[in-house]
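Q: Taking this note's numbering, the leading residue of the sequence shown gets 9, the next gets one more, and so forth.
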Amino acid sequence: MTQPSEDIDSARREWLVRALASGLFAAGGAFGFRSASAQPLGKVPKQLPAGRSFYELTGPVTVNGKSATLATQVGVNDIVQTGKTARAVFVVGFDAFILRDNSRLELKGNGVFTNQLRLVTGALLSVFGKGARSVHGPTSTIGIRGTGLYLEAQPDLTYVCTCYGATDIATSDDPRISESIVSTHHDAPRYVLAKPDNRGRRIIPAPFKNHTDLELTLIENLVGRNPPFSLFDESYGSPRRY
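1) Spell out a yes or no on whether the stretch 125 to 136 and the stretch 150 to 157 are touching, meaning 3 or more CB-CB pairs, one atom from each, closer than 8 Å.
2) So is Ala46 buried or exposed if we call it buried at 16+ other beta carbons inside 10 Å?
3) Taking just the CA atoms, how far does Gly59 sit from Asn229?
4) In this structure, how does DSSP classify Asp103 when only helix, strand and coil are distinguished?
5) Per the contact definition of three or more C-beta pairs closer than 8 Å, is the stretch 61 to 69 in contact with the stretch 80 to 90?
6) Measure the alpha-carbon distance for Ala35 versus Leu107 and round it to whole angstroms.
7) From this set, Asp205, Ile212 and Arg112, which residue's C-alpha is nearest Ser186's C-alpha?
8) With distances taken Cα to Cα, identify the nearest neighbour of Arg210 among Thr175, Tyr167 and Val190.
9) Roughly how many angstroms lie between the CA atoms of Ser111 and Gly173, to the nearest whole one?
10) Tell me, to the nearest whole angstrom, how far the beta carbon of Lys116 is from that of Asn85; I am working on the premise that it is less than 8 Å.
11) Are Ser142 and Gly130 touching if we call contact CB-CB under 8 Å?
12) Would Thr149 and Ser188 qualify as a contact pair, given that the criterion is a beta-carbon distance under 8 Å?
13) With H, G and I counted as helix, E and B as strand and the rest as coil, what does DSSP make of Gly37?
14) From Gly208 to Pro197, what distance separates their C-alpha atoms?
15) Whose C-beta lies closer than 6 Å to the C-beta of Asp182 among residues of the same chain, with five residues either side of it excluded?
16) What residue from Gly91, Thr70 and Val100 has the CA that sits closest to Pro57's CA?
17) For Ile87, which option in Glu114, Arg95 and Ala96 has the closest C-alpha, if you only look at C-alpha atoms?
18) Could you name the residues of the same chain whose beta carbon sits closer than 8 Å to that of Ser75, not counting the 5 residues immediately before and after it, in chain order?
19) Since Leu222 and Cys171 are thought to touch, with beta carbons under 8 Å apart, how far apart are those beta carbons, to the nearest angstrom?
20) Would you identify the three-state DSSP class for Asn72, choosing helix, strand or coil?
21) By DSSP, does Leu56 sit in helix, in strand, or in coil?
22) Should Gly119 be labelled buried (16 or more other beta-carbon atoms within 10 Å of its own) or exposed?
23) So, is Thr220 buried or exposed, given that buried needs 16 or more other C-beta atoms within 10 angstroms?
24) Does DSSP put Thr122 in a helix, a strand or coil?
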């Protein structure tokens with residue numbers, strides 16, 4: 009007898025959640041990319057309780073220069089840094105982050121709200137609550153509002169993927185060089201270059217790379233939200249990024 013489609017979807021959903029939880033989608037690569045592992049097999053990620061910042065720590069991670077534990081809190085004016093083979097999954101207010109290895113993230117804000125972030129080195133996947141924020145890389149300044157965003161920071165370029173939402177991307181040294189992006193599903197990744205390419209461009213198209221929808225779903229869940237897409241929606245025109 010043919011299994012009903014809703015049962016297939018349910019089984020697939022359970023398998024994907026278990027795969028996320030067990031770290032099945034791990035893979036080496038730039039900036040130590042691998043999907044963030046979660047709780048023990050079969051446990052669905054849930055919103056972090058009040059007063060807790062870190063969901064996961066792997067390898068050497070510091071907050072303001074001091075070694076972090078799962079009990080360490082991250083404030084809106086703190087600096088989070090990861091070492092070799094490290095990774096940190098954490099929440100600050102209504103925003104959530106996956107900071108990959110060899111990365112340095114500097115936060116600035118007021119009260120419980122972060123309004124400015126600077127990725128000095130490394131790679132960062134982030135989701136943001138309501139309100140305007142600015143995100144800075146070595147070569148870029150990005151204005152965002154309620155957005156999913158992935159960055160990789162190198163001295164001569166910044167990789168920017170607007171996973172969903174709207175961003176205003178500009179070069180850090182000349183805000184007149186800019187591009188506005190509206191994305192529903194990783195539609196328009198960009199490189200922001202320190203110097204013009206051979207066609208005189210500073211902001212150029214880039215491939216999708218090094219982050220997944222599973223990771224976005226995880227960190228949105230940590231702040232009690234869901235991403236504006238479904239991992240199981242067959243009507244999606246573009247490939248699902250497992």
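From the three backbone atoms N, C-alpha and C, an ideal C-beta is built for every residue, glycine too.
A: In brief:
1) yes
2) Caution is warranted here: a pLDDT of 39 is assigned to Ala46, below 50, making its placement in the model unreliable, and no coordinate value can be reported.
3) If you take the alpha carbons of Asn229 and Gly59, they lie about 16 Å apart.
4) strand
5) yes
6) Only weak support is given to the placement of Ala35: the predicted model assigns it a pLDDT of 39, under 50, and the question is left unresolved by the model.
7) Ile212
8) Tyr167
9) 24 Å
10) 6 Å
11) no
12) no
13) Residue confidence for Gly37 is low, a pLDDT of 43 falling below 50, so the modelled location carries little weight; the figure read from the coordinates is stated next. The three-state reading of DSSP puts Gly37 in coil, since its state is none of H, G, I, E or B.
14) 19 Å
15) Around Asp182: no qualifying Cβ.
16) Val100
17) Glu114
18) So the list reads Pro68 and Val69, once near-sequence residues are dropped.
19) Here Leu222 is actually not in contact with Cys171; their C-beta atoms are around 12 Å apart, not less than 8 Å.
20) coil
21) coil
22) exposed
23) buried
24) Correct three-state label for Thr122: strand.
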